[in-house]
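The structure under discussion appears below in the form of structure tokens.
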Amino acid sequence: MSWVPAPLRRRVLRLAMRRQASPLPDITTLKRVPEHLTFPLRRHAIDPVPQLAEQRAEDPVTLLGSVLGLDIWLVSGHEEARRVLADSSSYSNDMRHLLGSRSRSDAEGIGGLGMTDPPDHTRLRGLLTPEFTMRRLRRLDELIDRIVADALDRLEEKGPVVDLVENFGFDIPFRVICELLGMPEEVRDEFHDLGVARFDVSQGGGSAFGAATETRSFLIDMVRRERADPGDGLIGELVRTKGDEYDDVELGGLADGVFLGGYETSASMLSMGAYVLTQQPAAYAALRSGDRGQIDVVVEELLRYLCPVQIAFPRFAREDHDLFGHRVKKGAVVVVSLTGANRDPQAVPHPEQFDLRNADTQHFAFGHGLHRCVGAELARMELRAALTGLATRFPGLALATEDVAELGFRDLSIVYSLDRLPVRLRP
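In my numbering, the protein residues as written are 515 to 941.
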């Protein structure tokens with residue numbers, strides 16, 4: 515650069531030094547999510563806060579603000595959500611560049627498939643897809659029925675008033691996912707304790723990602739044990755058939771993704787679904803009908819109406835582009851409100867009501883596009899078995915409290931749920 519005038523050289527050097535001194539944002543250092551960014555995660559009991567519907571009516575694509583120098587865009591309309599979720603060419607799901615000083619190996623696998631882009635996503639999802647076909651899942655029918663029956667028996671023993679969250683909602687999916695993964699009995703309590711904190715963003719990014727790292731590390735250790743003596747579960751099967759092609763971090767990340775999608779979300783659906791059904795006697799009766807068509811209608815409307823996963827995995831703009839009339843800059847974060855999209859009056863006849871006439875609407879409870887939940891059919895199987903079992907065994911199920919505040923709804927959690935659901939099993 516000797517031909518460049520000295521003043522200009524100094525200016526270029528200053529700019530270069532400034533860029534070097536400005537590292538990428540590290541979301542793990544975020545102590546608390548700014549209040550104005552949290553309303554997509556807030557609800558009044560079951561319903562999203564009115565601000566979400568107001569924002570969608572004003573503009574289904576809006577710039578919420580910025581955090582750590584990143585623009586945060588919210589997408590809350592049904593069609594807009596469908597377009598963003600299906601567009602992997604404009605958006606990346608890989609957020610390892612925002613995990614600060616963590617090494618690549620430390621960040622690898624966090625969030626499973628949901629935070630992975632092609633071609634890695636294609637390669638890894640291809641491992642799981644055969645295990646989650648309906649033909650393969652039919653092998654779990656008997657297991658799920660047995661776990662549900664056992665949970666109902668224990669409710670009977672503990673009655674007449676029980677907490678359905680602890681003894682039904684979280685119990686059934688946890689046992690199913692442990693059996694699916696091949697989790698040894700002696701470590702299940704430790705594994706259980708790791709799961710809850712990772713969805714809570716009330717304390718910012720550090721605690722949630724710390725919990726995610728611990729869960730993933732736990733599963734990587736399990737992969738290593740399975741290499742020595744593969745069991746009959748999913749992890750053992752992957753180690754046995756594909757262990758030479760995939761390393762421990764990749765297989766642990768896959769197992770983490772299965773846990774992520776198959777435990778807390780199903781648990782939340784069962785707990786909140788039971789709560790809604792105590793107020794919807796016709797739908798509760800339909801679950802006892804034995805009519806698979808009616809049962810499916812109830813389950814799908816519960817999924818649309820409750821949508822426990824409130825936002826999709828964040829997307830990052832690959833380049834500057836236009837999004838429904840807005841200019842989104844490269845690197846900006848685009849967050850899709852799944853609850854907002856599922857209650858869009860442009861797509862749903864009766865969006866704010868639990869109404870079986872809504873059942874034909876395409877909902878986004880399992881996401882959409884490349885990152886649609888690979889375990890969606892397993893979740894449906896659990897919901898059908900557990901809710902029909904509950905309705906058949908306890909047709910007179912009723913809330914044991916008139917104070918909704920006692921239920922302890924989990925505000926500021928990516929996966930929304932209840933803390934407690936006291937019910938009376940019989941009149």
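Ideal Cβ positions, reconstructed from N, Cα and C, are used throughout, including at glycine.
- Counting along the chain, A788 sits inside the alpha helix (DSSP H) bounded by residues E778 to L791.
- Listed as beta-bridge partners of G745 by DSSP are no residues whatsoever.
- With contacts defined by Cβ atoms closer than 7 Å, G628 and F878 do not form a contacting pair.
- In the three-state DSSP reduction, S927 falls in the strand class (E or B).
- Rounded to the nearest angstrom, the gap between the Cα atoms of E680 and R934 is 7 Å.
- Secondary structure note for T576: its beta strand (DSSP E) is the uninterrupted segment V575 to V581.
- With a cutoff of 7 Å on beta-carbon distance, A905 and Y798 are scored as near each other.
- For A861, there is no enclosing beta strand (DSSP E), as DSSP marks it with neither H nor E.
- Under the DSSP definition of a beta bridge, P936 partners with D677.
- Note that the C-beta distance between S606 and F830 is below 7 Å.
- V563 carries a coil assignment under DSSP once its states are collapsed to helix, strand and coil.
- The C-alpha of G757 lies about 39 Å from the C-alpha of R806.
- Around the Cβ of T636, a 10 Å sphere holds fewer than 16 other Cβ atoms; the residue is exposed.
- Nearest C-alpha to L897 among E704, A781 and K844: A781.
- Distance between Q569 and D834, taken at the CA atoms: about 24 Å.
- Beta-carbon to beta-carbon, V850 and L599 are separated by about 6 Å, close enough to satisfy the 8 Å threshold.
- With a beta-carbon spacing of about 5 Å, D770 and L733 fall inside the 8 Å limit used to define contacts.
- In this chain, V823 is not harboured by any beta strand (DSSP E), its DSSP state being neither H nor E.
- If the five residues before and after P632 are omitted, its C-beta is found closer than 8 Å to the C-beta atoms of S602 and L884, all from its own chain and listed in chain order.
- Cβ atoms of L669 and F682 come within 8 Å of each other, at about 6 Å.
- T576 is positioned such that its CB atom lies closer than 7 Å to that of L588.
- Excluding residues up to 5 positions away in sequence, L708 lie with their Cβ nearer than 8 Å to the Cβ of E728 in the same chain.
- Contact between V737 and L765 holds: their C-beta atoms lie close to 5 Å from each other, under 8 Å.
- Note that the C-beta distance between V888 and T875 is not below 7 Å.
- For H864, the CB contacts under 8 Å within the same chain, skipping 5 residues up- and downstream, are R871 and N872 in chain order.
- Of the residues L926, R649, P744 and S931, the one whose Cα lies closest to the Cα of V547 is L926.
- DSSP places D761 outside any alpha helix (DSSP H), giving it a letter other than H or E.
- Straight through space, the alpha carbons of T779 and T853 are spaced by roughly 14 Å.
- Counting only the Cα atoms, R938 lies some 6 Å from P674.
- Excluding sequence positions up to five before and after P859, its CB lies within less than 8 Å of the CB of P865, all in the same chain and listed in chain order.
- Counted as a single uninterrupted DSSP element, the alpha helix (DSSP H) harbouring R596 occupies residues H592 to A600.
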